[in-house]
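Written below as C-alpha cells is the structure these notes are about.
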Amino acid sequence: MKLPRHEAEAADAGSPIDNVEAGTAAVIAEKEERGERKLARSLQGRHMQMIAIGGSIGAGLFVGTGGALRTGGPGSLLVGFLIIGTMMMCTVHALGELAILYPVNGAFYEYAVRFIDPAWGFAMGWEYAIGWMVTLPFEITAAGITLEFWKSREEVSPGVWAGVFMGALILVQLFGVRGYGEVEFVLAIIKILGCIGFIILGIVIDCGGVPTDTRGYIGARYWHDPGAFRNGFKGFCSVFVTAAFSFGGTEMVGLAAAEAKDPRRSLPKATRQVFWRIALFYVLNVFVMGLVVPSDSDVLLGASGANTKASPFVLAVQLAGIKGLPHVINAIITLAVLSVINSCTYGSTRVLQALASSDRAPRIFARLDRAGRPVYCIALQLAVGLLAFLTLAADAQTVFSWLLAVTGLSGQITYASILLAHLRFRRAWRLQGRGLEALPWRSGLGEAGSWVGLVLVGCSLAAIFYSGLFPIHESPNAAAFFQSYLAAPITLSLFLFWKAYTRDCGLGVDLRTVDLDCGRRMEEELDPVDGDAEGVEEGKGKKSVWRRVLRVVF
Numbered sequence: 001m002k003l004p005r006h007e008a009e010a011a012d013a014g015s016p017i018d019n020v021e022a023g024t025a026a027v028i029a030e031k032e033e034r035g036e037r038k039l040a041r042s043l044q045g046r047h048m049q050m051i052a053i054g055g056s057i058g059a060g061l062f063v064g065t066g067g068a069l070r071t072g073g074p075g076s077l078l079v080g081f082l083i084i085g086t087m088m089m090c091t092v093h094a095l096g097e098l099a100i101l102y103p104v105n106g107a108f109y110e111y112a113v114r115f116i117d118p119a120w121g122f123a124m125g126w127e128y129a130i131g132w133m134v135t136l137p138f139e140i141t142a143a144g145i146t147l148e149f150w151k152s153r154e155e156v157s158p159g160v161w162a163g164v165f166m167g168a169l170i171l172v173q174l175f176g177v178r179g180y181g182e183v184e185f186v187l188a189i190i191k192i193l194g195c196i197g198f199i200i201l202g203i204v205i206d207c208g209g210v211p212t213d214t215r216g217y218i219g220a221r222y223w224h225d226p227g228a229f230r231n232g233f234k235g236f237c238s239v240f241v242t243a244a245f246s247f248g249g250t251e252m253v254g255l256a257a258a259e260a261k262d263p264r265r266s267l268p269k270a271t272r273q274v275f276w277r278i279a280l281f282y283v284l285n286v287f288v289m290g291l292v293v294p295s296d297s298d299v300l301l302g303a304s305g306a307n308t309k310a311s312p313f314v315l316a317v318q319l320a321g322i323k324g325l326p327h328v329i330n331a332i333i334t335l336a337v338l339s340v341i342n343s344c345t346y347g348s349t350r351v352l353q354a355l356a357s358s359d360r361a362p363r364i365f366a367r368l369d370r371a372g373r374p375v376y377c378i379a380l381q382l383a384v385g386l387l388a389f390l391t392l393a394a395d396a397q398t399v400f401s402w403l404l405a406v407t408g409l410s411g412q413i414t415y416a417s418i419l420l421a422h423l424r425f426r427r428a429w430r431l432q433g434r435g436l437e438a439l440p441w442r443s444g445l446g447e448a449g450s451w452v453g454l455v456l457v458g459c460s461l462a463a464i465f466y467s468g469l470f471p472i473h474e475s476p477n478a479a480a481f482f483q484s485y486l487a488a489p490i491t492l493s494l495f496l497f498w499k500a501y502t503r504d505c506g507l508g509v510d511l512r513t514v515d516l517d518c519g520r521r522m523e524e525e526l527d528p529v530d531g532d533a534e535g536v537e538e539g540k541g542k543k544s545v546w547r548r549v550l551r552v553v554f
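Going by UniProt numbering, 263 is the number at position 263 of the sequence shown; the sequence numbering is gapless.
See the structure below:
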C-alpha cells in the first residue's frame, strides 16, 4: 500500500515508533490546516438539562405574553401554549432519538441533508444560522431596553449598554463551549426559580392572600369579565405567533449533543423532562397570569420586545400593591434576555460551522482553534452583533423589523424538518432491515408523535399566515404580512439555488441506500458511567422517592 507523501517522508527518517508518530502528527496537522479539528466535548449532563430549557425561557414568555393576553384573552393564551407546547414535545422527542444515535455537529441540519434532501438541508441550515445571527443585535438592544426600567435613555445612552453586553459576550466566547454551558446553567436556574416563584405568588394573589391588594379574592373573575377569548378567531391565531416565539431555542439541546461528554446518558434525561418543563414553566405560568392580570389593561398595549414596564409579570405584582418586587422581576427578565444572547451565538456558529464542513458555506468557517472553537464563525456573529448600535439611529425600529422578518418562520421550518427527518429515518431503518431494539434510545412518542407534530406545525403556519394577512384592529397591510412570512420565500429560494448549483433534479434521498452508520459515536468513545439512565445506580439500589421526584421535575 502506498503511503501518503507526508507519511512516506516520515518513514524514511527514523525508528518505526518515530515514523508512526511523525506520520500521525502530519495527518493531524493537515486536518487542522483544513479546519478538521473536533469540537470540544465539554458539556456535562447538568449543562444539557439546563440548555434544554434555558435557551427557550426569555422575553417571549416574560414580556411577549402580555400582548398575546391583550389580543387573545386568557383562554386563547392557555390553549395556544398547550398546542405549541405539544408540538415542541413531539419535536424534542424526535430530535432526541436522532441526536442520541448521531451526536454530530449541526444536528438537525445534518439530519435534513441525510434523510430528506441535501438542498433542503442547505436551505434550512442557512435560514437557521442567519436567523440566530440577526436575532443577536435585536436581543442586545432588548437587553438595554430592560435596563431602562431603572435608567432612562436620557440618563444612559443605549449605545453604552450595547457595548457592555457585547463585551460580556466576547468574554464568554473566550471559554468556548464550557463557558456557554456554565452561563446557561446559572441563568437557567435563575429563570426556573423566577417562574416557580411567580406561580406561587400568583396563586396567593388570586386567593386574596396579599394584604395590599384591594381586589381581594379574584378566582376566575377575569375569565368572565373581560372574558376568556377576545377578538374571536383572529385573537386566537395571534397567540400562536407569541407562543411559537416563546418556545424558540428548545432545539438547542440537539446542537449541544456533539459537544456533550456522554450524549447517551444526558440527552435521554433532558428529553424525557421536556413535558414537565413545558407544563410547569410555560402552561402553568400563562394560566396563573390569566387569573391575576386583566386582559383589557391598557398597560399591556406596549407588551412587545423587551418593554418590561408592560410585562404581565410586573403588572401582576404592581396590581397587588407589592413594593420592590417589580425590580426583582425586571432583573430576572434582563438575565433571561442575556441567556438568549448567549444562545444566539451558540446556535448560529455551530450550524454555520457544520455547513462549512460539508462545503455548503465558505470553507474558512469550518476551521476550529485548538480549544475546539469555531473562531471565524464567532467573529462573523460578533460582527453582525455590532448592528445593535443601530439603536442610536432614528429609524432603528424599521431596520430591526425587517431583519427579524428573516427569522419569522425559522423555528417552524426547523421543527418541521426535524419531524420529517425522524419519520424518514425510521422508514430508512426499516427498509434496511434493522430493528428498533438496536436504537440506543427511542422516542416515547414514536412516529405517531412526529406526525402529530407535523400537523401542529402546519396549523401554526396557517395561524401565522392568517394573522399576518388579517391583523387585529388594522386593515390588511402588505409590509406587516411580508414581515411575518418573508422567511418562506427566502428558504424556497435557497432550496432552488442549491438544486441549480449542484444540478440535482431529484427530490429526496434514496432511503434504501442512505448511510445509517456515519456519525454514530461508538461506545468506546463515551465516558464510562455507573448504573443506567433509568434511575438505578450500580450497587446502590433504587433512588429515594424524593430524588426520583426531583429528577422528574428537573
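Every residue, glycine too, gets a C-beta built ideally from N, C-alpha and C.
Just so you know, these numbers come straight off a predicted model, no measurement behind them.
Counting every other CB atom within 10 Å of its CB across the protein chains shown gives Y217 a total below 16, marking it as exposed. Restricting attention to G121, Y376, F482 and V283, the CA atom closest to the CA of K499 is found in G121. For Y415, the uninterrupted alpha helix (DSSP H) segment begins and ends at S410 to L431. Assigned with DSSP and collapsed to three states, L291 falls in helix. Under the three-state reduction of DSSP, A143 is assigned to helix. Between the alpha carbons of G468 and F482 lies a distance of about 8 Å. The beta carbon of L78 sits closer than 8 Å to those of V283, V286, F287 and G290, all from its chain and outside the five residues before and after it, given in chain order.
Just so you know, the alpha carbons of V92 and A257 end up roughly 13 Å apart.
A243 is bridged by DSSP to nothing; it lacks a bridge partner.
Counting every other CB atom within 10 Å of its CB across the protein chains shown gives T135 a total of 16 or more, marking it as buried. Counting only residues of its own chain and dropping the five nearest sequence neighbours on each side, V241 has a CB closer than 7 Å to the CB of I464 and S467. The Cβ neighbour count for A428, taken over all protein chains shown within 10 Å, is at least 16; the residue is labelled buried. Between G385 and I140, the C-beta gap is smaller than 8 Å, which places the two residues in contact.
Judged by DSSP secondary structure, C344 falls within the alpha helix (DSSP H) whose first and last residues are L325 to S357.
Just measuring C-alpha positions, the residue of S443, R360, G72 and I190 sitting nearest L300 is G72. In the structure shown, the three-state DSSP call for A119 is helix.
Taking C-beta atoms under 8 Å as the contact rule, L43 and A260 qualify, at a distance of about 5 Å. Restricting attention to N342, T407, M89 and P489, the CA atom closest to the CA of L171 is found in N342.
Taking the Cβ atoms as the reference, G254 lies roughly 6 Å from F108, within the contact range of under 8 Å. Assignment of A379 by DSSP, reduced to helix, strand and coil, places it in the helix class. In terms of Cβ geometry, S76 and G324 do not form a close pair [threshold 8 Å]. Here the region 96 to 115 makes contact with the region 349 to 359; the two share three or more CB pairs at distances below 8 Å. Remark: C-beta atoms of G96 and W451 do not approach each other more closely than 8 Å. Selection P374, P294 and D510 evaluated against L174 yields P374 as nearest (Cα-Cα).
Apart from sequence neighbours up to five positions away, the residues of its chain that approach A162 with a beta-carbon distance below 8 Å are I140, T141, G144, A388, F389 and T391, ordered along the chain. A direct Cα-to-Cα measurement between Y376 and R215 gives close to 57 Å. Annotated as distal: A270 and A421, with beta-carbon spacing of 8 Å or more.
For A448, the three-state secondary structure derived from DSSP is helix. Within its own chain, the residues whose Cβ lies closer than 7 Å to the Cβ of P294, once the five positions on either side in sequence are excluded, are Y222 and P226, listed in chain order.
Ranked by Cα distance from W132, the first of E447, L511, L454 and R350 is R350.
Assignment of L174 by DSSP, reduced to helix, strand and coil, places it in the coil class. L169 is positioned such that its CB atom lies no closer than 8 Å to that of T334.
In the assembly as shown, E184 is a buried residue. Its beta-carbon has 16 or more other beta-carbons within 10 Å. Taking the Cα positions, G321 is about 29 Å away from S339.
Bounds of the alpha helix (DSSP H) holding W498 are A487 to T502. Per DSSP, the beta-bridge partners of L43 are A260.
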